[in-house]
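Participant:
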DNA sequence: CACCTCGGTACACACGTGTGCAACCAAACG
DNA sequence: CGTTTGGTTGCACACGTGTGTACCGAGGTG
């Protein structure tokens, strides 16, 4: 286990002072081309890699972004992190990944670790960002960007999908297929974005002068998983919808499974749409029509925002548009 | 943007030297209980968080693990990273996440970054670990643990699922259901584990004295995705199997979709199994019987191995057992 | 020739923390 | 009271890197 070669080792080997080496490596400063070339080849030969810890210490920055996720298992989070990592890598930043599991103690621990590590910025995906947690983050004093957060704060910046526009897109698609009795299954656990998607649903109906039927809009009391979709479908059936727009894909898939169980043909009897475009939409039968969230783009946008904030630029929150993805679960209204 | 409070600020505030503060914080060393308590409460009040970069510099370790994945999008990788992050967090380590995307230049860049950051160890998930890449990693001089790698090296440590045992489990399940003509769809792109699973398939058959039919074992020339499964099913149909064991879940789902397209009822006409237990197995219809890889456990095991290696312990490679998960896609042989 | 300029280099300090060693102090002991 | 002892604390250095400043030599100019 040979200890890594330091800038001093390199300096002695090259017969110069360590400061000359530093300038040669960084490319900045007045170093003769000859010396510079000699140092660079020597560095390669000796396998010199500048110690980022030391560099961070003197520069007062770590070139590091802390990313908090509730759980990496969430297929949505996964793609966002993908985009974050990609953009961070390009900008020369590294990513610390930590999951909070929605546990208060874990959240506090993550903040503490990030403070100790002196991350230059923090990106939080899909979290509630409880008040306690948010305060701790804000007091931290580094740029914080939230992605699809349920939190609306003054000192926090955010990137999110345009829930209203996305929902309008979805419902407009159903309207164009001739549907008029369009049901909506909401989500209790994600109230902010749920409210926005419901607003989009209403606006799309209003634009076509379809009077909304309250019995066509349900809010199952269940966790944000398949069961909410199953329950939602049951609640919706008495209202006799020809199409259903679910809050998200998981709920839509839950409704799909329940429909199959009850012998309801999708899309022949009822058209069905979700929101998010998770991977599983392609695995179910029929494949699920949905509104794609530009997940990787949202991750990239978060990094861009972080970089702008670090540069001291003024930035404002961004809402990225959703994109309609038509698959097999929607078809013309049979009536 | 107040710059973070340093150990010196705390020392002046407490009226002691910074070394006393250091000892008080770390708990080690001879400091009177009174002074210690005073410093600790003061630290809390002033919001002091020890700078890990400085600590790393003087301690010669970073309490950091570099994790390389091909892509975070892979649902398998996701769960492994989950386990890694969890175990690392418990041990006081932080995780640098980087994706290589199976691109040589990215792989080299990742190694370079990890060297600069002086990570204490590296964990690599599901990679080919090309020779170039592997050499660069080995020269790095820190413990390296591979998870489900296709690479067999002398200086590299590894954690993997027991492919042979898992495949035996799968085929034994089908045999118990009365199947005798059991087909197998392999994967070209992951030759090492594919070979092992095929061996397990053969051994299970041999134990029940079922003579293997070569036409029941196919190796579609396709990427490791749904299309391989579709192609595999087509290749297998002429051999008239009553059950199929696919190399993994994605391939099995591909076969499932193709079967539906061709009007073949699963499981009534043909039983179907995968391997891995990815999330989508619960979303397809029928839900997919499979062999679960203990993904999170594999991640945790990798961290344990890393910690042992850092302690200087002798360690040996580990194969974790797969676990049979029976769902709807398998049933008794109809013949 | 003296002076100035400018490119190249070294010296010294700083960043924040851990730690060996010496110094100090109080108490106990002779 | 002097000495020893043991527990607290400070001093100084180290870790690896960036950078302001000074030094030095060469070349140009008056």
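Chains as they are written, first to last, in this note's numbering: chain A, 1 to 335; chain B, 1001 to 1335.
Just so you know, even glycine gets a beta-carbon here, dropped at the ideal spot from N, CA and C.
Quick caveat, the model's predicted, so the values are computed rather than measured.
1. Can you tell me whether residue 1081 (chain B) is buried or exposed, with buried defined as 16 or more other CB within 10 angstroms of its CB?
2. Please list the partners that residue 145 (chain A) has in chain B, where partner means a Cβ-to-Cβ separation under 8 Å.
3. At least one CB of chain B closer than 7 Å to the CB of residue 116 (chain A): is that the case?
4. The alpha helix (DSSP H) with residue 309 (chain A) in it runs from where to where?
5. To the nearest angstrom, how far is it from the Cα of residue 1226 (chain B) to the Cα of residue 1136 (chain B)?
6. Can you tell me whether residue 1149 (chain B) is buried or exposed, with buried defined as 16 or more other CB within 10 angstroms of its CB?
7. According to the Cβ coordinates, are residue 339 (chain A) and residue 324 (chain A) closer than 7 Å?
8. In the DSSP output, what is residue 319 (chain A) paired with across the bridge?
9. Output yes if chain A places a C-beta closer than 7 Å to the C-beta of residue 1284 (chain B); else output no.
10. So, with DSSP's three-state summary, where would you put residue 183 (chain A)?
11. Looking only at its own chain, which residues have a Cβ that is under 8 Å from the Cβ of residue 16 (chain A), when we skip the five neighbours before and after it?
12. Assign residue 3 (chain A) to buried or exposed, taking buried as 16 or more other Cβ atoms, counted over all protein chains shown, within 10 Å of its Cβ.
13. Among A:151, A:125, A:122, which residue has its Cα nearest to the Cα of residue 132 (chain A)?
14. For residue 1121 (chain B), report the span of its beta strand (DSSP E) as first-last.
15. So which residues of chain A does residue 1078 (chain B) contact, with C-beta pairs closer than 7 Å?
16. Roughly how many whole angstroms lie between the Cα atoms of residue 309 (chain A) and residue 1284 (chain B)?
17. Assuming residue 167 (chain A) and residue 201 (chain A) are in contact, meaning their beta carbons sit under 8 Å apart, how far apart are those beta carbons, in whole angstroms?
18. Could you tell me which of B:1276, B:1096, B:1124, B:1185 sits nearest to residue 1102 (chain B), measuring between CA atoms?
19. Using the beta-carbon of each residue, which ones in chain B are nearer than 8 Å to residue 62 (chain A)?
20. Between B:1089, B:1072, B:1198, which lies nearest to residue 1219 (chain B) when the distance is taken from Cα to Cα?
21. So the alpha helix (DSSP H) residue 1192 (chain B) belongs to, where does it begin and stop?
22. Do we get a CB-CB distance below 7 Å when we pair residue 188 (chain A) with the residues of chain B?
23. Under 8 Å Cβ to Cβ from residue 171 (chain A), same chain only, skipping five residues before and after it: list those, please.
24. For residue 312 (chain A) and residue 1009 (chain B), I'd like the C-alpha separation in whole angstroms.
25. What residue from A:75, A:272, A:30, A:64 has the CA that sits closest to residue 175 (chain A)'s CA?
26. Check whether chain A comes within 7 Å of residue 1253 (chain B), counting only Cβ atoms and requiring the distance to be less than that.
27. Report yes or no: is there a C-beta of chain A within less than 7 Å of the C-beta of residue 1267 (chain B)?
28. How about residue 1093 (chain B) and residue 1065 (chain B): do their beta carbons lie closer than 7 Å?
29. If you draw a straight line from the C-alpha of residue 1224 (chain B) to the C-alpha of residue 1257 (chain B), how long is it?
30. Could you tell me how far apart the beta carbons of residue 1306 (chain B) and residue 1050 (chain B) are, in whole angstroms, since I believe they sit closer than 8 Å?
31. Of all Cβ atoms in chain A, is any one closer than 7 Å to the Cβ of residue 1050 (chain B)?
32. For residue 1277 (chain B), tell me which candidate among B:1260, B:1012, B:1250, B:1084 has the shortest Cα-Cα distance.
33. Taking all protein chains shown into account, decide if residue 1317 (chain B) is buried (16 or more other Cβ within 10 angstroms of its Cβ) or exposed.
34. Can you give me the Cβ contacts of residue 31 (chain A) inside the same chain, cut-off strictly under 7 Å, excluding the 5 residues immediately before and after it?
35. Which first and last residues belong to the beta strand (DSSP E) in which residue 1097 (chain B) is found?
36. Select from B:1304, B:1014, B:1274 the residue whose C-alpha is nearest the C-alpha of residue 1322 (chain B).
Facilitator: Checking against the coordinates, here is how it stands:
1. Counted from its first residue, the second chain places residue 1081 (chain B) at position 81. Burial is judged here by how many other beta carbons sit within 10 angstroms of a residue's own beta carbon; residue 1081 (chain B) has at least 16 and is buried.
2. One-based indexing of the first chain puts residue 145 (chain A) at position 145. The contact set of residue 145 (chain A) on chain B, defined by CB atoms closer than 8 Å, is empty, because the minimum CB distance reaches about 16 Å.
3. For the purposes of this step, residue 116 (chain A) is identified with residue 116 of the first chain, where counting begins at 1. For residue 116 (chain A), the answer is yes, since a Cβ of chain B falls inside 7 Å of its Cβ.
4. The residue labelled residue 309 (chain A) in the question sits at position 309 within the first chain. Looking at the DSSP string, the run of the alpha helix (DSSP H) that includes residue 309 (chain A) is 295 to 311.
5. In the second chain, residue 1226 (chain B) corresponds to position 226, counting from 1. In the second chain, residue 1136 (chain B) corresponds to position 136, counting from 1. Going by the C-alpha atoms only, they are around 34 Å apart.
6. Taking the first residue of the second chain as 1, we reach residue 1149 (chain B) at position 149. Of the residues assessed, residue 1149 (chain B) falls on the buried side of the cut-off, its CB having 16 or more other CB atoms within 10 angstroms.
7. Any answer about residue 339 (chain A) is impossible in this case: the structure gives chain A only from 1 up to 335.
8. If you number the first chain from 1, residue 319 (chain A) lands on position 319. Residue pairing by DSSP places residue 319 (chain A) opposite A:160 in a beta bridge.
9. As a first step, residue 1284 (chain B) is located in the second chain; it is residue number 284 there, counting from the start. Taking Cβ atoms only, chain A reaches closer than 7 Å to residue 1284 (chain B), which makes this a yes.
10. Here residue 183 (chain A) corresponds to residue number 183 of the first chain, with the count starting at 1. Strand, per DSSP.
11. Numbered from 1 along the first chain, position 16 holds the residue referred to as residue 16 (chain A). Same-chain partners within the cutoff: 35, 39.
12. Translated into positions along the first chain, residue 3 (chain A) becomes position 3. The residue in question, residue 3 (chain A), is exposed, as its Cβ has fewer than 16 Cβ neighbours within 10 Å.
13. Locating residue 132 (chain A) in the first chain gives position 132, where the first residue counts as 1. The candidate whose alpha carbon is nearest that of residue 132 (chain A) is A:151.
14. Locating residue 1121 (chain B) in the second chain gives position 121, counting from the first residue. Looking at the DSSP string, the run of the beta strand (DSSP E) that includes residue 1121 (chain B) is 1121 to 1125.
15. Locating residue 1078 (chain B) in the second chain gives position 78, counting from the first residue. By Cβ distance, chain A contributes 72, 73, 78.
16. Walking along the first chain from the start, residue 309 (chain A) turns up at place 309. Walking along the second chain from the start, residue 1284 (chain B) turns up at place 284. Each residue's Cα considered, the two are about 44 Å apart.
17. Indexing the first chain from 1 puts residue 167 (chain A) at position 167. Indexing the first chain from 1 puts residue 201 (chain A) at position 201. Between residue 201 (chain A) and residue 167 (chain A) the Cβ distance is about 5 Å, and since that is below 8 Å, they are a contact.
18. In the second chain, the residue the question calls residue 1102 (chain B) occupies position 102. Nearest C-alpha to residue 1102 (chain B): B:1124.
19. By one-based count along the first chain, residue 62 (chain A) stands at place 62. One finds 1053 in chain B with Cβ atoms closer than 8 Å to the Cβ of residue 62 (chain A), taken in chain order.
20. Along the second chain, one-based indexing puts residue 1219 (chain B) at 219. Considering only alpha carbons, the answer is B:1198.
21. Counting from one through the second chain, the residue named residue 1192 (chain B) turns up at place 192. 1191 to 1207 is the span of the alpha helix (DSSP H), which, as asked, contains residue 1192 (chain B).
22. Counted from its first residue, the first chain places residue 188 (chain A) at position 188. With 7 Å as the cut-off, residue 188 (chain A) does not count as an interface residue toward chain B.
23. Position 171 of the first chain, counted from the start, is the residue given in the question as residue 171 (chain A). For residue 171 (chain A), where only same-chain residues beyond five positions count, the Cβ hits under 8 Å are 182, 200, 201, 204, 205, 245.
24. As a working note, residue 312 (chain A) is residue 312 in the first chain. As a working note, residue 1009 (chain B) is residue 9 in the second chain. One C-alpha to the other measures close to 27 Å.
25. The residue you call residue 175 (chain A) lines up with position 175 of the first chain. Checking every option, the nearest Cα to that of residue 175 (chain A) belongs to A:272.
26. As a working mapping, residue 1253 (chain B) is identified with position 253 in the second chain. Residue 1253 (chain B) counts as touching chain A.
27. For the purposes of this step, residue 1267 (chain B) is taken as the residue at position 267 of the second chain. Any Cβ of chain A closer than 7 Å to the Cβ of residue 1267 (chain B) would place that residue at the interface, and such an atom is absent.
28. If you number the second chain from 1, residue 1093 (chain B) lands on position 93. If you number the second chain from 1, residue 1065 (chain B) lands on position 65. Between residue 1093 (chain B) and residue 1065 (chain B), the CB-CB gap stays under 7 Å.
29. The residue labelled residue 1224 (chain B) in the question sits at position 224 within the second chain. The residue labelled residue 1257 (chain B) in the question sits at position 257 within the second chain. So the alpha carbons of these two residues sit roughly 15 Å apart.
30. Counting from one through the second chain, the residue named residue 1306 (chain B) turns up at place 306. Counting from one through the second chain, the residue named residue 1050 (chain B) turns up at place 50. 23 Å between Cβ atoms; not a contact.
31. Along the second chain, one-based indexing puts residue 1050 (chain B) at 50. Closer than 7 Å: yes.
32. Position 277 of the second chain holds residue 1277 (chain B). Ranking the options by Cα distance to residue 1277 (chain B), first place goes to B:1250.
33. Translated into the one-based positions of the second chain, residue 1317 (chain B) becomes position 317. Residue 1317 (chain B) should be labelled exposed.
34. Indexing the first chain from 1 puts residue 31 (chain A) at position 31. In its chain, beyond the 5 residues on either side, 20, 23, 24 have a beta carbon closer than 7 Å to the beta carbon of residue 31 (chain A).
35. Position 97 of the second chain, counting from 1, holds the residue named residue 1097 (chain B). DSSP places residue 1097 (chain B) inside the beta strand (DSSP E), whose first and last residues are 1094 to 1099.
36. In the second chain, the residue the question calls residue 1322 (chain B) occupies position 322. Distance check between residue 1322 (chain B) and each of B:1304, B:1014, B:1274 places B:1274 closest, using alpha-carbon atoms only.
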